[in-house]
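Beneath this line is the structure, given in structure tokens, with notes to follow.
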Amino acid sequence: MSKDDEEEEKDKEVYNEKGREELVDDEEMSSEEAGFMQGYEEAEEKDEEEKEEKGEKEEEKEEE
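Heads up: the sequence shown begins at 886 in the working numbering, then just goes up one per residue.
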């Protein structure tokens, strides 16, 4: 794995719970930073759910 691949993989770790826990355990991330990223992840999931619901409602209107 190249150095760029390793850095990219490490960047992805902050976007999931297990990765954040490992970074906090290794003292590479503070618990405050992990909490911030958890909030980011939850907000992103909520946005995706709202988009899906909006798309389903639009499909129902088109069928009528």
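Here a beta-carbon is modelled for each residue, glycine too, at the ideal position from N, C-alpha and C. Since the model is a prediction, treat every value here as computed from it, not as a measurement.
Proximity test, Cβ basis, 9 Å: residue i and chain B
| i | result |
| --- | --- |
| Met922 | You won't find chain B in this structure, because it holds only one protein chain. |
Cα-Cα separation between residue i and residue j, rounded to whole angstroms
| i | j | result |
| --- | --- | --- |
| Glu917 | Glu933 | 25 Å |
| Lys946 | Asp911 | 51 Å |
| Val899 | Lys931 | 18 Å |
| Phe921 | Glu935 | 21 Å |
| Val909 | Glu943 | 42 Å |
| Glu941 | Glu929 | 19 Å |
| Gly914 | Asp889 | Per the sequence shown, the amino acid found at residue 914 is Met instead of Gly. Cα to Cα, the separation comes out at about 20 Å. |
Option in the options with minimal Cα separation from residue i
| i | options | result |
| --- | --- | --- |
| Tyr925 | Asp889, Arg905, Glu948, Glu947 | Arg905 |
| Glu927 | Ser887, Met914, Glu902 | Glu902 |
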